[in-house]
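S.K.: Below: one structure in structure tokens.
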Ligand SMILES: [Zn+2]
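What follows is the structure, given as structure tokens:
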């Protein structure tokens, strides 16, 4: 396992639609393990493959709660409900934070590292983190959804994705 370099904005790879993963092999496991190490090293709560330079539909989320590390391969949003407005950051935009409106609830379908399909429901901050990462796989950056940028003094120790 190893820590990878984080791709920061601007970079073309951050704005492309990622390709579906079709092969679930050792290489994929290595990518997922490296993504985890990288997310932890840089104190993130999520990381998407384009952030380490790969245009593949792979993302992880770990907000340090009971859900543990959620590995999402080829994720799809099945349902969203409600709304939440809150601060958001991104490892590809160091020291930039903004208020972003997201659904309060999300239900997704994705594959795990073995290619097995699962569905997952999430609310609140976990839903925000999941939606932020899935946006990355579509080449959508949180800055396109920021309603207001925040000063450091306005932040309450929120995680970055
Ligand atoms: Zn991000």
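Residue numbers (this note's numbering): 3 to 163.
Glycine residues also receive a C-beta, built at the ideal position from the N, C-alpha and C atoms.
1. Is residue 174 near ligand 1, in the sense that its beta carbon is under 7 Å from a heavy atom of that ligand?
2. Quick check: residue 34 and residue 15, are their CB atoms within less than 8 Å of each other?
3. Quick one: give me the first and last residue of the beta strand (DSSP E) that residue 123 is part of.
4. Out of 12, 3 and 141, which one is the CA nearest neighbour of residue 36?
5. Is any heavy atom of ligand 1 found at a distance shorter than 7 Å from the C-beta of residue 144?
6. Determine whether the beta carbon atoms of residue 131 and residue 63 lie at a separation below 8 Å.
7. Would the C-beta of residue 158 count as close to ligand 1, meaning under 7 Å from any of its heavy atoms?
8. Would you say the beta carbon of residue 163 comes nearer than 7 Å to a heavy atom of ligand 1?
9. Any chance the stretch 144 to 155 sits against the stretch 88 to 95, with 3 or more Cβ pairs inside 8 Å?
10. Looking at C-beta atoms only, is the number of pairs between the stretch 107 to 119 and the stretch 73 to 87 that lie closer than 8 Å three or more?
M.R.: Let me lay it out:
1. No information on residue 174 is available, as it lies outside the stretch 3 to 163 that the chain covers here.
2. no
3. 119 to 125
4. 3
5. Because some heavy atom of ligand 1 lies under 7 Å away, the Cβ of residue 144 counts as near it: yes.
6. Yes. Within cutoff.
7. For ligand 1, not one heavy atom lies less than 7 Å from the Cβ of residue 158.
8. yes
9. yes
10. yes
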